[in-house]
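Residue numbers (numbering that gives the first Met the number 0): 0 to 129. As structure tokens, the structure follows; a few thoughts come after it.
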Amino acid sequence: MSWVADHYSRRMVILFGALTFAAATALSAFASSFWTLLLGWIFVGIGESSLSPSALSLLADKFPRERLTTAISIFPMGPKLGHLAAFSLAGLAISYATTLLAGNPGMHIQLRAVGAARSGSSAACDPRLG
0 MSWVADHYSR
10 RMVILFGALT
20 FAAATALSAF
30 ASSFWTLLLG
40 WIFVGIGESS
50 LSPSALSLLA
60 DKFPRERLTT
70 AISIFPMGPK
80 LGHLAAFSLA
90 GLAISYATTL
100 LAGNPGMHIQ
110 LRAVGAARSG
120 SSAACDPRLG
């Protein structure tokens with residue numbers, strides 16, 4: 000892919016690589032056999048491999064030589080920060096959903112027990128009486 004990025008528009012290489020990656024990922028979901036899945040994964044790899052050479056070449060054009068090492072060291076942090084944000088938000092969502100699902104029956108029982116203690120009656124704790 001480096002050769003393609005050197006001989007063609009780097010922006011177009013990134014565009015077609017991203018489109019190839021997205022289409023191959025979507026088509027891999029509908030694979031009906033190992034060989035179609037393998038073919039989809041091959042095209043996913045082709046799409047992925049188009050980004051780094053083109054992006055690093057664009058960074059080299061856009062930044063002065065004394066700032067280039069900083070730009071190149073920040074570039075690979077993007078996916079890592081994206082993974083961090085995705086897993087953190089997913090963890091919060093799962094934690095919240097688990098709290099709602101697992102905590103509600105216990106909270107319901109506690110509220111009924113508090114209602115029974117306040118009224119002095121055991122009827123509030125009897126599930127048959129509503």
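Virtual Cβ for every residue (Gly too), placed ideally from N, Cα, C.
Residue 20: member of the alpha helix (DSSP H) spanning 9-27, first to last residue. Taking C-beta separations shorter than 8 Å and ignoring five residues to either side along the sequence, residue 95 has no partners in its chain.
Unbroken beta strand (DSSP E) runs of no fewer than 3 residues, entirely contained in the stretch 32-63, are not found. Residue 66 and residue 80 have their C-alpha atoms spaced approximately 21 Å apart. Nearest in C-alpha terms to residue 59, of all of 35, 70, 49, is 70. Taking C-beta separations shorter than 7 Å and ignoring five residues to either side along the sequence, the partners of residue 27 in its chain run 36, 39, 40, 43, following chain order.
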